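For reference, the structure is listed below as C-alpha cells.
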Amino acid sequence: MPTTFRDEPTTRAAMEEFRNEPFVDFNDAANEKALQDALKKVKAESGRHYPLIIGSEKIETDEWLISTNPSAPEQIIGKFAKADQSLAEKAMQTAQSAFESWKKVDPIERAKYLFKAAEVMRKRKPELTAWLILEIGKSWAEADGDVAEAIDFCEYYAREMVRLSNPAPLTAVPHEKNKLSYIPLGVGLVIPPWNFPLAILVGMTTASIVAGNTVIVKPSSETPGIAYQFAMVLEEVGLPAGVFNLLPGPGATVGDYLVAHPKTRFIAFTGSKEVGLRVNELAAKCQPGQIWIKRVIAEMGGKDSIVVDADADVGAAAEGIVAAAFGFQGQKCSACSRAIVHKDVYDKVLEKVVEATKKLSIGTPQLRANNLGPVASRQAYDGILKYIEIGKTEGRLMTGGSPHETVERGFFIEPTIIADVDPQARISQEEIFGPVLAFFRADSWQHALDIANNTEFGLTGAAYTKTRAHLDQAAREFHCGNLYLNRKCTGALVGVHPFGGFNMSGTDSKAGGPDYLLLFTQAKVVSERI
Ligand code: NAD
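Take the sequence shown: its letter number 122 is residue 106 in my numbering, and every next letter is one higher.
Below is the structure:
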C-alpha cells in the first residue's frame, strides 16, 4: 500500500506534487563554469571504449560502433561494443529471467528506483548536458532541456506507478470482492531516436521498468554514448541486474531480430515513419512459439504547421515560427516546417521571420553564444541538402540554401526559408528533419486550416489569431495530437503537455501523461465470492 511508502522520510519529499525540473540559468557564473568544466572532462575522455551491458556483465565485442562529434566529425566521442544476433539472444534470455523476479517487486519499491535515478541525474547534470552537446550537437539550452525532460519522466512515471498501484474503483455487488490491478507485460524492446537521445530513451525505459517489465534498450547508433551514461545512472541506483540491458547494434540486424523474437512482449519505438511501420509490420507476424499479440507503441515523424491569421500579433507569430523551425536545427518531431499565413499579413510575417533567421549564429554548440549547431550526421546532412535543392525548384529561396562551411568540416547547414510553396509540393509533404522552413499563402482562415491538415502526419501545430471563433475553430478542426494556441509548437513539458501524434505520426501514446503507463501494463481482475 502507498501508505508505507508515504511514511518513509526519504521518499516522502519525492511524493510531493510533480513539478517540472527547472532549466539551468547559464547567466549564473557557477552554472556556466560547471558546464565548461564538464565539456572539458567529457572531451578528455573521448575515444574510450565502452562495453554493452547484459545483466551484470559488461561485454566487449570485436566490432565497434563509432560515435563522432557532428561539429567536428573526425573527433571520436567513443567506441561502443556492437551487438550481433547471438548477443541479442543472450540479452533476451537474461531479460526474461530477470522478469520472473522483477515482476514480483512491489510497485512502490520500483518507483523508488526512478526517484533515485532522478536524483543522480540532477547531480550529474553538467556532464550529461556536455555529452549531448558533444555527441549530437545540441546547444546549451537544448541539451539542458533534454536532461530536464529525462528527470521529469523519472519523477512523473514514479508517481504514476504509485497512483496505479492503488485499487481502481469498481462497482460493488453483493457477496463478491472484486479487485482490478495493473500487472506488467514481460520483456520489452525499447528503440529510441537520436534527437532526444536521453529524454526519450529514459521516458520509454522508465515507464517500462516501473510498470514491472524488463527491457532491452537498443539505442540509436548516433548516440550510444548518452545511453551508456544513463546505464551508469541505473547502476548507481542499484537497479537489479537484467532489468535493464543495453544493446547498441544495427537496427537492420539486431533490431529486426528482437522485434520478431517470439518472447518480445512489447516494443516501445520512437523514430521515423518508415522504420516505425516496418517495426509494426514485423511485430504483427506471429512467430512459432509466440503466445501473445505484441503490443507496439510507435511514435513517428511529423510535418508540423504554424498557421497565422490576418489579425494575429505578427511579432509574436514570427518569433514563435523561428524558434520552432530552427531550435536544434529543426531536428525535432515537433519542429515547425510549414508556416501557413493569411494573405493580408503574409509579406509582413515572412519579412520578420527572414530577418530574425539571418540573425541566428551558426557554429559549434560548445560555445554558448551559438544558436544553431550541426545536423546529426553525414546521412542527415546529405539528405537535408537534397531537400533544399528540391525546395529551390518548388518555391522562392529567401535565405540560407547552402552548407555553412567551418574549419572542422562539421555538418552545418544554413537555416533555410523557401516562400510561395504549393501545399502539395514535396517539401510541404515529406519530413525533412532539418533547418528548412516552407511558407504558404492562405486566402482565409479556413484555407489555412485546410492546408495545415493536408499531410499524412498529425503531430503538433500552432495557431496565432486574436479572433475567439478562429481559436475555437482551430481547436476543433486542426487535426494533430498537440495543438498550441498563440504560442509555438515545440517545447512540450512532461505532465503539462502529454505528447503524441495522430495518423502517420504514431499511436498517440501521449508520453508524459496520465494514460501512458497503462500501455506498459495489462489489467487483471480478481473476483472472490464472499
Ligand atoms: P529512425 O527511424 O531512423 O531510427 C529510430 C530508431 O530505430 C534508432 O534507434 C534506429 O537504430 C532504430 N532502427 C532502425 N532500423 C530498425 C529496424 N529495422 N528495427 C528496429 N530498430 C531499427 O529515426 P531517427 O532518425 O533516429 O529519429 C528521427 C525520427 O524520429 C524523425 O522522423 C522524428 O520525427 C521522429 N521522432 C518522433 C517523435 C515523436 O514523439 N513522435 C519524437 C522524436 C523523434
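We treat Cβ as the ideally placed atom computed from N, Cα and C, and that holds for glycine. Just so we're clear, the structure is a prediction, and the values are computed from it rather than from any experiment.
Is the distance from the Cβ of residue i to the Cβ of residue j below 8 Å?
i	j	result
R249	L154	no
A507	Y166	yes
L421	C320	yes
I346	H388	yes
G442	H463	yes
M145	A195	yes
G357	G209	no
P419	G285	no
W178	H326	no
W517	V227	Nothing in the structure corresponds to residue 517, since the chain is present only between -15 and 514.
V291	I324	yes
T348	N355	no
L112	L49	no
P399	T491	no
I117	T207	no
I566	S30	This structure gives no information on residue 566, because the portion of the chain shown stretches from -15 to 514.
G304	A446	yes
S51	I92	no
K472	A294	no
L173	L242	yes
Q413	T237	no
V337	I401	yes
L469	A458	yes
W124	F10	yes
Within the present structure, is the beta-carbon of residue i separated from the nearest heavy atom of the ligand NAD by less than 7 Å?
i	result
E214	Here residue 214 turns out to be Phe, not Glu, going by the sequence shown. Result no, Cβ not under 7 Å from the ligand NAD.
V478	no
R262	yes
I602	The requested residue 602 is not part of the displayed model; the chain covers only -15 to 514.
G239	yes
L116	no
S85	no
S51	no
G226	no
E160	no
I193	no
C317	yes
W48	no
P203	yes
R357	The sequence as given places Gly at residue 357; Arg does not occur at that position. Flag unset: Cβ of G357 not near the ligand NAD.
G484	yes
G172	no
G490	yes
S321	no
P54	no
V243	yes
N179	yes
I184	yes
E415	yes
I175	yes
E283	yes
Since I believe residue j is in contact with residue i (beta carbons under 8 Å), could you give me their beta-carbon distance rounded to a whole number of angstroms?
i	j	result
A14	A114	Not quite, the Cβ-Cβ distance comes to about 16 Å (not below 8 Å), so this is no contact.
F137	V478	6 Å
I374	I411	6 Å
F423	D406	With a Cβ gap of about 11 Å, F423 and D406 do not count as contacting.
L344	F310	6 Å
I520	K161	Outside the modelled stretch of the chain, which goes from -15 to 514, sits residue 520, for which no answer is possible.
G260	A282	4 Å
V333	A300	Not a contact, Cβ separation roughly 11 Å.
At a threshold of 7 Å, does residue i count as lining the ligand ATP (C-beta to nearest heavy atom)?
i	result
L443	Absence of the ligand ATP from the depicted structure is noted, with the ligand NAD being the only ligands included.
Problem - Cβ contact check for the stretch 65 to 77 and the stretch 23 to 39: 3 or more pairs under 8 Å - result: yes
Problem - Contact between the stretch 1 to 17 and the stretch 328 to 336 (3+ Cβ pairs under 8 Å) - result: no
Handout entry: Any 3 or more C-beta pairs closer than 8 Å across the stretch 484 to 500 and the stretch 464 to 472
Key = yes
Exercise for the section: Say whether the stretch 213 to 224 touches the stretch 108 to 125, bearing in mind that this needs 3 or more beta-carbon pairs closer than 8 Å, one atom from each stretch. Expected result: yes
Practice task
Take every Cβ of the stretch 262 to 279, pair it with every Cβ of the stretch 180 to 190, and state whether three or more of those distances are shorter than 8 Å.
Solution key: no
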